[in-house]
Amino acid sequence: MGGELLSVNDLHVSVEGKEIIKGLSLTIKTGEIHAIMGRNGSGKSTLANVIMGHPAFEVTSGSVEFNGTPVEELEVFERARAGMFMSFQYPSTIPGVQVGTFLRKSVSAVRGEDGPNAREFRKELKSHMKSLNMDKSFLSRYVNDGFSGGEKKRLEILQMLLLNPTLALLDETDSGLDIDALRVVADGINSITSTAGCLLITHYQRLLDHVKPDFVHVMIDGKIVKTGGADLAGHLEARGYDWLEA
Amino acid sequence: MKNYPLIPLPSRSDSLWRYTSWKKIHPSEVEEMPKSNPIIYSRGEEFQIDDSNEIARSFIHSISPVCKKISLVNEGVNLDLESSGDISSGELFVESRGDSTITIRISGDSTWTGLRINGDVTGNLSVAVINEISENSNLLRCDNWKVNRNSSLELATLSVGGNLNKSDIRVELKSKGSDLRCGIASNGSRRRNDDHHIEIEHTVGYTTSSLVMHASCNDASRSIGTGMLKICEGADGSDAGQVFRNLLLSEKARAEAIPGLEVLADDVKAAHGAASAPVDKEQLFYLSSRGLSLQESSSLIVEGFLMDAFRHVKNPDVLLNLRDGLLNHLDNLITG
């Protein structure tokens, strides 16, 4: 495994005065896959949003560092340009903006001068779309407008592949996917993990059958209450979360 | 028929004149008949169209030194109209057959421009009207379109030019199977005032229409959209809808959207809606998370919002012209 990529230290987060994350610490190194599991409302998605910089969440104490830089010093777009990527549970619809235009602007913004020229971009795009079983008609549709749940998740993974992040925050990327789509999306995730750290937020074992995590963390009421290996997900699937609260 | 200036001045209780009065849009004192320079047309043959009982149309007709006709038969045409001098005006008649397109660009630096367009559509016609007159100009535009049996009209307006604009667009669906897809996108900045009134009349049954107006307003600009959907007695089987959406980009920006219905038939579908909102914060976050700065994200959202007014426009050439016109305008705003 590589060097320390993300360091979360005793993080406390509130939204509209209500504390959601209550002292959470986590370290992710390049090449590591961390899965976070937990009940609805335990703070999993909040954690991903805070790391990415969602303005609705207030960090009341603790810190998050990305490549040694406190993320509070970075705007959301600067975090993205520094190599951070978040796959959204509910990606926004952007009516009137074609997927192709959006992808080109995004790749240009994130990868800058090191990014592909127009010809290379088209080649990369075609290759990734083929690997995700996406038809080229996607490119002329408006971003997430009228997309099925599975189409939205494929577009999220397509963006991840094109942006080539060093840290991927994947918020319930497996929800809404059928078995075949799950495998396609999992292949996409696996393809970046040699060069990136990955934080997978999920409710289910089924994604972890295809993407093998190095660590599984259980979040309850804003804290990580247990950390284990990949086998912990199997225990949770069989036993639920009650035994961890005893 | 009474000609201007014998037509009585309109009351501001009339929704057409409530927000931008005749006095305000008139280029001089309302009783005057000012001298007008002709709009320069890039093509078209000399023609005459009739006067009107409606005050704005009759005024433009009375002062206009030029009227042109464009005949389209299965072809695509770009028509450039340029105004110059203090007051500039003209009339245009568009007649189409088969599958045709026309993109009408209005530019120039007249203090005041008046344009009257009449159209007669048989077959499928896709129209883009792009207002890119200079930022200190005023524009009065009056349209009358007739859509014939089993024919369709895509009528898209991109309104990004001028300081004070008033458009009065009327479409008559006069025979069974006639269809209208009307989209209007307006982008305001500084103290721009853009007033669109759209009347769609279903004269007979089994006709369809949709109207989408999207206005984004920045600085102290103002947009007004008033719609009047008339479904005449006996026009059963008509299917119509109108939606007005406004995107408010500053605290001083204002937008009014007032859809109206007048339904005199029994078996019809008629829907309308209006909404105003600031830029969606979740959209901003999403685009920012893809590396776009706040300004880039906001600009892309505005671009998409305005282009979305043309989602029913199927003709790719017309769509491309609209998109190019919008991108040029947004680039100019950023680069000053």
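Protein chains in written order, with our numbering: chain A, 1081 to 1326; chain B, 12 to 347.
Note that the Cβ used here is the ideal one computed from N, Cα and C, for glycine as well.
Small disclaimer: the values here were computed from a predicted structure and weren't measured.
Buried or exposed by the 16-neighbour rule on C-beta atoms within 10 Å, applied to ALA288 (chain B): By 1-based counting over the second sequence, the position of residue 288 (chain B) is 277. Its Cβ having fewer than 16 others within 10 Å, ALA288 (chain B) is exposed.
Can you confirm whether VAL1144 (chain A), when its beta carbon is compared against all beta carbons of chain B, has any partner nearer than 8 Å? The residue given as residue 1144 (chain A) occupies position 64 in the first sequence. Judged by the 8 Å Cβ criterion, VAL1144 (chain A) is not in contact with chain B.
Taking 8 Å as the threshold (C-beta atoms), are ALA139 (chain B) and LEU169 (chain B) in contact? To locate residue 169 (chain B), count along the second sequence from 1; it is residue 158. To locate residue 139 (chain B), count along the second sequence from 1; it is residue 128. The Cβ atoms of LEU169 (chain B) and ALA139 (chain B) sit closer than 8 Å to each other.
Look up CYS228 (chain B) in the DSSP assignment and give the residues it is bridged to. Position 217 of the second sequence, counting from 1, holds the residue named residue 228 (chain B). Partner(s): B:GLY199, B:LEU259.
Please report the distance separating the alpha-carbon of PHE1157 (chain A) from that of ILE1131 (chain A). As a first step, residue 1157 (chain A) must be located in the first sequence, where it is residue number 77. As a first step, residue 1131 (chain A) must be located in the first sequence, where it is residue number 51. A straight line joining the alpha-carbon of PHE1157 (chain A) with that of ILE1131 (chain A) spans about 12 Å.
Identify whether ILE144 (chain B) lies in helix, strand or coil by the three-state DSSP scheme. Stepping through the second sequence from its first residue, residue 144 (chain B) is reached at position 133. Three-state DSSP puts ILE144 (chain B) in coil, outside helix and strand.
Under 8 Å, with one C-beta from each stretch per pair, do the stretch 212-228 of chain B and the stretch 324-344 of chain B reach the 3-pair mark? For the pair of segments examined, the stretch 212-228 of chain B was found not to touch the stretch 324-344 of chain B: the number of CB pairs separated by less than 8 Å stays below three.
What number of angstroms, rounded off, separates the C-alpha of ARG127 (chain B) from the C-alpha of ILE74 (chain B)? Working through the second sequence from its first residue, we reach residue 127 (chain B) at position 116. Working through the second sequence from its first residue, we reach residue 74 (chain B) at position 63. Near 11 Å, if we compare the C-alpha coordinates of ILE74 (chain B) and ARG127 (chain B).
Would you verify that the beta carbon of GLN1239 (chain A) is, or is not, closer than 8 Å to some beta carbon of chain B? The residue you call residue 1239 (chain A) lines up with position 159 of the first sequence. Yes, because at least one Cβ of chain B sits closer than 8 Å to the Cβ of GLN1239 (chain A).
I want to verify the contact list: residues of chain A whose CB lies under 8 Å from the CB of GLN253 (chain B), in sequence order. Numbered from its first residue, the second sequence carries residue 253 (chain B) at position 242. In chain order: nothing, as chain A lies at least about 17 Å away.
On the CB-based measure, 16 or more other CB atoms within 10 Å of its CB, does ALA282 (chain B) come out buried or exposed? Your numbering for residue 282 (chain B) matches position 271 in the second sequence. Exposed, because fewer than 16 other Cβ atoms sit within 10 Å of the Cβ of ALA282 (chain B).
Where PHE1168 (chain A) and ALA264 (chain B) are concerned, what is the direct C-alpha to C-alpha distance, given to the nearest angstrom? Taking the first sequence and counting its residues from 1, the one referred to as residue 1168 (chain A) is at position 88. Taking the second sequence and counting its residues from 1, the one referred to as residue 264 (chain B) is at position 253. Straight through space, the alpha carbons of ALA264 (chain B) and PHE1168 (chain A) are spaced by roughly 32 Å.
ARG1119 (chain A) to HIS1283 (chain A) span [Cα, whole Å]: For the purposes of this step, residue 1119 (chain A) is identified with residue 39 of the first sequence, where counting begins at 1. For the purposes of this step, residue 1283 (chain A) is identified with residue 203 of the first sequence, where counting begins at 1. Each residue's Cα considered, the two are about 7 Å apart.
What's the call for ALA286 (chain B), buried or exposed, on a 16-neighbour Cβ count within 10 Å? Residue 286 (chain B) sits at position 275 when you count from the first residue of the second sequence. Around the beta carbon of ALA286 (chain B), fewer than 16 other beta carbons sit within 10 angstroms, so the residue counts as exposed.
List, in chain order, every chain B residue whose beta-carbon is nearer than 8 Å to that of ILE1174 (chain A). Counting from one through the first sequence, the residue named residue 1174 (chain A) turns up at place 94. GLN294, TYR297, LEU298, LEU311, ILE312, GLY315, listed in chain order.
Check the Cβ of ARG108 (chain B) against every Cβ in chain A and list those closer than 7 Å, keeping chain order. Taking the first residue of the second sequence as 1, we reach residue 108 (chain B) at position 97. The contact set of ARG108 (chain B) on chain A, defined by CB atoms closer than 7 Å, is empty, because the minimum CB distance reaches about 30 Å.
Closer than 8 Å at the beta carbon, the chain A residues around MET224 (chain B): Locating residue 224 (chain B) in the second sequence gives position 213, where the first residue counts as 1. Neighbours of MET224 (chain B) on chain A: none; closest Cβ ~14 Å, over 8 Å.
Contact check, ILE1100 (chain A) vs GLY1302 (chain A), beta carbons under 8 Å: Stepping through the first sequence from its first residue, residue 1100 (chain A) is reached at position 20. Stepping through the first sequence from its first residue, residue 1302 (chain A) is reached at position 222. Judged by beta-carbon spacing, GLY1302 (chain A) lies within the 8 Å limit of ILE1100 (chain A), meaning their Cβ atoms are closer than that value.
Of all the alpha helix (DSSP H) runs that stay within the bounds of the stretch 1156-1212 of chain A, which reach a length of 4 or more residues? Entirely contained in the stretch 1156-1212 of chain A, the alpha helix (DSSP H) runs reaching 4 residues are, in chain order, 1156-1161, 1179-1191, 1198-1211.
DSSP state of VAL365 (chain B) mapped onto helix, strand, coil: No information on residue 365 (chain B) is available, as it lies outside the stretch 12 to 347 that chain B covers here.
8 Å is my cut-off, CB to CB: does GLY238 (chain B) come that close to chain A? Residue 238 (chain B) sits at position 227 when you count from the first residue of the second sequence. So, not an interface residue.
Tell me whether MET44 (chain B) is buried or exposed, calling it buried when 16 or more other Cβ atoms sit within 10 Å of its Cβ. Walking along the second sequence from the start, residue 44 (chain B) turns up at place 33. With fewer than 16 Cβ atoms within 10 Å of its Cβ, MET44 (chain B) is classed as exposed.
C-alpha gap between GLY1277 (chain A) and SER1122 (chain A), whole angstroms: To locate residue 1277 (chain A), count along the first sequence from 1; it is residue 197. To locate residue 1122 (chain A), count along the first sequence from 1; it is residue 42. Straight-line measurement puts the Cα of SER1122 (chain A) at about 23 Å from the Cα of GLY1277 (chain A).
For the stretch 58-125 of chain B, which segments carrying the beta strand (DSSP E) assignment without a break, of at least 3 residues, lie completely within its bounds, in sequence order? Complete beta strand (DSSP E) runs here, min 3: 78-84, 87-94, 98-108, 110-119.
Who are GLY238 (chain B)'s beta bridge partners in DSSP? Here residue 238 (chain B) corresponds to residue number 227 of the second sequence, with the count starting at 1. GLY238 (chain B) is bridged to B:ILE209.
Please tell me whether ASN149 (chain B) and ILE235 (chain B) are closer than 8 Å, where the distance is taken between their beta carbons. Locating residue 149 (chain B) in the second sequence gives position 138, counting from the first residue. Locating residue 235 (chain B) in the second sequence gives position 224, counting from the first residue. No, Cβ-Cβ distance for ASN149 (chain B) and ILE235 (chain B) is not below 8 Å.
Counting only runs of 4+ residues fully inside the stretch 1115-1144 of chain A, write out the alpha helix (DSSP H) ranges in chain order. List check, alpha helix (DSSP H) in window: 1124-1132.
MET1132 (chain A): contacting residues in chain B (beta-carbon distance under 7 Å): Indexing the first sequence from 1 puts residue 1132 (chain A) at position 52. In chain order: SER300.
Interface partners of PHE1157 (chain A) on chain B, CB under 9 Å: Residue mapping note: residue 1157 (chain A) aligns to position 77 of the first sequence, counting from 1. Within chain B, the residues near PHE1157 (chain A) are LEU298, SER299, SER300, ARG301, GLY302, LEU303, SER304, LEU305, GLU307, SER308.
Check whether the stretch 19-27 of chain B and the stretch 46-61 of chain B are in contact - that is, three or more C-beta pairs closer than 8 Å. Counting Cβ pairs under 8 Å, fewer than three are found: no touch.
Are there 16 or more other CB atoms within 10 angstroms of the CB of ASP206 (chain B), so buried, or fewer, so exposed? Along the second sequence, one-based indexing puts residue 206 (chain B) at 195. Buried: at least 16 other Cβ atoms inside 10 Å.
Can you pull the chain B residues whose beta carbon is under 9 Å from the beta carbon of PRO1245 (chain A), in chain order? Taking the first residue of the first sequence as position 1, residue 1245 (chain A) is located at position 165. Within chain B, no residue has its CB atom less than 9 Å from the CB of PRO1245 (chain A), the nearest being about 10 Å off.
contact_flag[the stretch 297-313 of chain B, the stretch 237-256 of chain B] where n(CB pairs < 8 Å) is 3 or more: Counting Cβ pairs under 8 Å, fewer than three are found: no touch.
Rounded to whole angstroms, what's the CA-CA distance from ARG1234 (chain A) to VAL1265 (chain A)? Just pull it up for me. Counted from its first residue, the first sequence places residue 1234 (chain A) at position 154. Counted from its first residue, the first sequence places residue 1265 (chain A) at position 185. Whole-angstrom Cα-Cα distance: 7 Å.
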